[in-house]
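Peer 1: I have a structure here, written as structure tokens, and I will follow up with some questions on it.
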Amino acid sequence: MKRDFLTLWDLSSDEIEAVLKRAIALKAGKDASKCPLIGKSIGLLFEKASTRTKVSFEVGIHQLGGQPVYMTSQEIQLGRGETVADTAKTLSRYLSAVIIRTFEQEKIEEFAFHSSVPVINALTDLHHPCQGLSDLMTILEKKGRLKGIKLAYIGDGNNVANSLIEASSRMQINLTIACPEGLEPNPDVLERARENAKSEIIILRETKEAAGMADVIYTDVWVSMGQEEMTEGKKRKLAKYQLNNALLSCAKEDAVVMHCLPAKRGQEITDEVMDSPRSIVFDQAENRLHSQKALLEFLLVSRP
Ligand code: CP
Ligand code: NVA
Numbered sequence: 506m507k508r509d510f511l512t513l514w515d516l517s518s519d520e521i522e523a524v525l526k527r528a529i530a531l532k533a534g535k536d537a538s539k540c541p542l543i544g545k546s547i548g549l550l551f552e553k554a555s556t557r558t559k560v561s562f563e564v565g566i567h568q569l570g571g572q573p574v575y576m577t578s579q580e581i582q583l584g585r586g587e588t589v590a591d592t593a594k595t596l597s598r599y600l601s602a603v604i605i606r607t608f609e610q611e612k613i614e615e616f617a618f619h620s621s622v623p624v625i626n627a628l629t630d631l632h633h634p635c636q637g638l639s640d641l642m643t644i645l646e647k648k649g650r651l652k653g654i655k656l657a658y659i660g661d662g663n664n665v666a667n668s669l670i671e672a673s674s675r676m677q678i679n680l681t682i683a684c685p686e687g688l689e690p691n692p693d694v695l696e697r698a699r700e701n702a703k704s705e706i707i708i709l710r711e712t713k714e715a716a717g718m719a720d721v722i723y724t725d726v727w728v729s730m731g732q733e734e735m736t737e738g739k740k741r742k743l744a745k746y747q748l749n750n751a752l753l754s755c756a757k758e759d760a761v762v763m764h765c766l767p768a769k770r771g772q773e774i775t776d777e778v779m780d781s782p783r784s785i786v787f788d789q790a791e792n793r794l795h796s797q798k799a800l801l802e803f804l805l806v807s808r809p
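Sequential numbering of the sequence shown, starting at 506, is according to this note's numbering.
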């Protein structure tokens, strides 16, 4: 049976562990000349802009011997009203998997329901599981473990926060989110994660309380793609939620700084923090490549 990756719940803790282990091996150069995706074409259907996700998937597919086929909805008939179901059924006849970046989570779920090939979520308004996978790899690489790590997320309770909640629940990371009232993460995501978690998942208002003794401190933009009309109100609410040196000084001395990027420098993160030696944001970006290659292998190669 095909496996999709629409949220981090689609992989068990053991499977995530295996994918991370493989990602670290691939990064170290193992099996660099193997081409497990030879003869396979993988679609990338994007309805929002992307630098890291687009390029890391295209390069990763190429490195695995496959062919990436990038398309925006505007250049295929989906943009002219062909249904999601008909698009999914058609693309399944040509492609071995489809990687989708879109708005509503329901849309990718509908696509996956009608697709006979694996569907990978490359970001929706609700989730960013590929980012979560890369974040786990990066924390493991820098801290040597995941279980028991204290991760602090500062800012908007958005798609990246939702996926960090699921990643933390799966891998026993203690997560504290500091966000303003009304900008909390999705309540259903939170409830499910808490039900399944063997670690703490805490939501609070005070940034310094969240950052206190953190091993990792993470932030993301205040205004996500597709939410541009909310900019002013959101910015006002989030003004106190900036990741700056004062906040970073509350975390552990060896704490590292993460951001999924792109960053809006001067808003959610200052230049000095983003460019400090404690910032690992570009390792995090690089790890998108390795973790997604491991994910593709898991979904398309190591399974019958
Ligand atoms: N972090 C991330 O997904 O970046 P892009 O929007 O550039 O793909
Ligand atoms: N929360 C951001 C993440 C971008 C990678 C957005 O959805 O725009």
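All residues carry an ideal CB built from backbone N, CA and C; glycine is no exception.
Note that this is a predicted model, so its numbers are computed, not measured.
So if DSSP puts residue 764 in a beta bridge, which residue, or which two residues, is it bridged to?
Peer 2: Paired residue(s): 724.
Peer 1: In chain order, what residues of the same chain lie with their CB nearer than 7 Å to the CB of residue 594, ignoring the 5 residues before and after it?
Peer 2: Here the set comprises 619.
Peer 1: Provide the residue(s) that pair with residue 783 in DSSP beta bridges, ordered along the chain.
Peer 2: Note: residue 783 sits in no beta bridge, so no partner.
Peer 1: Hey, how far is the Cα of residue 742 from the Cα of residue 735?
Peer 2: One C-alpha to the other measures close to 11 Å.
Peer 1: By alpha-carbon positions, which one of 647, 599, 608 ends up nearest to residue 578?
Peer 2: Comparing Cα-Cα distances from residue 578 to each of 647, 599, 608, the minimum goes to 608.
Peer 1: Helix or strand or just coil, what does DSSP make of residue 519?
Peer 2: Helix, per DSSP.
Peer 1: Can you tell me whether DSSP reads residue 584 as helix, strand or coil?
Peer 2: Here residue 584 sits in helix by DSSP.
Peer 1: For residue 736, name the three-state secondary structure that DSSP assigns.
Peer 2: Three-state DSSP puts residue 736 in a helix.
Peer 1: Can you give the Cα-Cα distance for residue 681 and residue 715, rounded to whole angstroms?
Peer 2: When rounded, the distance between both Cα atoms is 6 Å.
Peer 1: Do the region 795-802 and the region 523-535 touch if we need at least three Cβ pairs shorter than 8 Å?
Peer 2: Yes: at least three Cβ pairs fall under 8 Å.
Peer 1: Taking its Cβ as the centre, do 16 or more other Cβ atoms sit within 10 Å of residue 806, making it buried, or is it exposed?
Peer 2: Result: exposed.
Peer 1: Measuring from the CB of residue 663, is there a heavy atom of the ligand NVA at a distance below 7 Å?
Peer 2: Result yes, Cβ under 7 Å from the ligand NVA.
Peer 1: Is residue 775 near residue 792, with beta carbons less than 8 Å apart?
Peer 2: No. Outside cutoff.
Peer 1: Alpha carbon to alpha carbon, what distance is there between residue 585 and residue 705?
Peer 2: Distance between the alpha carbons of residue 705 and residue 585 is about 46 Å.
Peer 1: Going by DSSP in three states, residue 676 sits in which element: helix, strand or coil?
Peer 2: Helix at residue 676.
Peer 1: Based on Cα-Cα distance, which residue from 638, 563, 624, 541 lies nearest to residue 765?
Peer 2: Closest by alpha carbon: 638.
Peer 1: Which residues mark the beginning and the end of the beta strand (DSSP E) in which residue 573 is found?
Peer 2: 572-577 is the span of the beta strand (DSSP E), which, as asked, contains residue 573.
Peer 1: For residue 809, count neighbouring Cβ atoms within 10 angstroms of its own Cβ and tell me buried if that reaches 16, exposed if not.
Peer 2: Model confidence at residue 809 stands at a pLDDT of 44, short of 50, so the residue's coordinates are unreliable; what they give is reported in the following sentence. That one is exposed.
Peer 1: Would you kindly work out how many angstroms separate the C-alpha atoms of residue 587 and residue 720, rounded to a whole number?
Peer 2: Rounded to whole angstroms, residue 587 to residue 720 spans 48 Å at the Cα level.
Peer 1: Using 8 Å as the threshold, is the C-beta distance between residue 676 and residue 538 below it?
Peer 2: Contact flag unset, no.
Peer 1: Run through DSSP, which three-state label would residue 731 get?
Peer 2: DSSP places residue 731 in coil when its eight states are reduced to three.
Peer 1: Is the region 754-772 close to the region 722-741, with three or more CB pairs under 8 Å?
Peer 2: Output reads yes: the region 722-741 touches the region 754-772.
Peer 1: Can you pull the DSSP bridge partners for residue 625?
Peer 2: BP columns for residue 625 point to 510, 604.
Peer 1: Short check: CB of residue 604 to CB of residue 570, under 8 Å?
Peer 2: No, the pair does not count as a contact, with Cβ atoms beyond the cut-off.
Peer 1: Hey, is residue 772 close to the ligand CP, as in C-beta under 7 Å from one of its heavy atoms?
Peer 2: No; taking the cut-off as 7 Å, the Cβ of residue 772 has no heavy atom of the ligand CP nearer than that.
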